[in-house]
Amino acid sequence: MTPLKYLQAYPPALQDKVHQLIAQQRLGEHLATRYPNHHDVQSDKALYAYVAALKQQHLKNAPGIDKVLYDSKLDVVQRALGLHTAVSRVQGTRLKAKKEIRVASLFKAAAPEFLQMIVVHELAHLKETEHNKAFYQLCQHMLPDYHQREFDLRLYLTWRELPETNRHSLNRSS
Numbered sequence: 026m027t028p029l030k031y032l033q034a035y036p037p038a039l040q041d042k043v044h045q046l047i048a049q050q051r052l053g054e055h056l057a058t059r060y061p062n063h064h065d066v067q068s069d070k071a072l073y074a075y076v077a078a079l080k081q082q083h084l085k086n087a088p089g090i091d092k093v094l095y096d097s098k099l100d101v102v103q104r105a106l107g108l109h110t111a112v113s114r115v116q117g118t119r120l121k122a123k124k125e126i127r128v129a130s131l132f133k134a135a136a137p138e139f140l141q142m143i144v145v146h147e148l149a150h151l152k153e154t155e156h157n158k159a160f161y162q163l164c165q166h167m168l169p170d171y172h173q174r175e176f177d178l179r180l181y182l183t184w185r186e187l188p189e190t191n192r193h194s195l196n197r198s199s
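Start counting at 1 in the sequence shown, then tack on 25, and there's your number in my numbering.
Laid out in structure tokens, this is it:
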């Protein structure tokens, strides 16, 4: 059996079920059933508005975000799906930090639930820098089914990396 790199931390019994779906060429069908829709957040401007609305809804007192964009190099170069950064610059006698959120471009064609999960994850980093208990509690506060979506996103990433011969479509226009 091929190791499931996105699911290595999950119990072997769960990984076995995923291997069965892959062997039966049903992983794409499973995902398409659970996540049949495609979102309209296609531009950096629309993504900024989307992130700002979620931030306003859940994290009113968190620092502002200066820049939000889709990044085509993110998943290839940094093995990341989203990235939050604070770029510090000296302006006169003050140090000014600009907060940025970058989302991997692959999420332009993903289900809206996956985009929301990635954005919630990156927004949580505004308050909690480490992936600790408080971080995941904040993610769940903003998105109650955060852990299920994270697992399903890992299934989606697994499906994307299957060889074309084993990868049946999600039956969704990309």
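Cβ atoms here follow ideal geometry from the backbone N, Cα and C, with glycine treated the same way.
Query	Result
Burial state of residue 17 (16 or more Cβ within 10 Å)	Summary: the structure shown does not reach residue 17, with the chain confined to residues 26 through 199, and so no result is reported for it.
Residues bridged to residue 48 [DSSP beta-bridge criterion]	DSSP, once it has assigned bridges, lists no residue as partnering residue 48.
Nearest-angstrom Cβ-Cβ length linking residue 60 and residue 183, presumed shorter than 8 Å	Actually they are not in contact, since the Cβ atoms of residue 60 and residue 183 sit about 14 Å apart, beyond 8 Å.
Cβ neighbour criterion (16 or more within 10 Å) applied to residue 186	exposed
Alpha helix (DSSP H) segment containing residue 143, residue limits	137 to 152
Neighbourhood of residue 151 by C-beta, 8 Å cutoff - its chain only, sequence neighbours within 5 removed	80, 84, 87, 88, 90, 109, 124
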